[in-house]
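Please read the structure below before turning to the comments.
See below:
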């Protein structure tokens, strides 16, 4: 996964949060609400030194795993009867 993909996935998760989340995120990061807005819209890069804090507020974490791990996990946890 590239940094651009991590940023895009993070932006998507932030946009999916309920109203008021960006304000709480700005407070946690010690930045303005406008700075968070610029990050979410892609007008400003998400600082790599802040990604752990951002993911923490989303209830997520960044994990390093061998290539192909996600595919194997999806296969294991795939619903055998999706109907």
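Residue numbers (full-length UniProt numbering): 1 to 83.
A virtual CB, placed ideally from N, CA and C, is assigned to each residue, including glycine.
Keep in mind the model is a prediction, meaning the values are calculated, not measured.
For residue i, three-class secondary structure by DSSP
i	result
residue 65	coil
residue 76	helix
residue 37	helix
residue 50	helix
residue 55	helix
Cβ-Cβ separation, residue j to residue i (assumed contact under 8 Å), whole Å
i	j	result
residue 35	residue 7	About 15 Å; that fails the 8 Å criterion.
residue 13	residue 60	7 Å
Residue range of the unbroken alpha helix (DSSP H) whose run includes residue i
i	result
residue 14	3-15
residue 45	No alpha helix (DSSP H) contains residue 45, which DSSP labels as neither H nor E.
residue 24	21-29
Would you call the segment 22-38 and the segment 69-80 in contact, with 3 or more CB pairs under 8 Å? no
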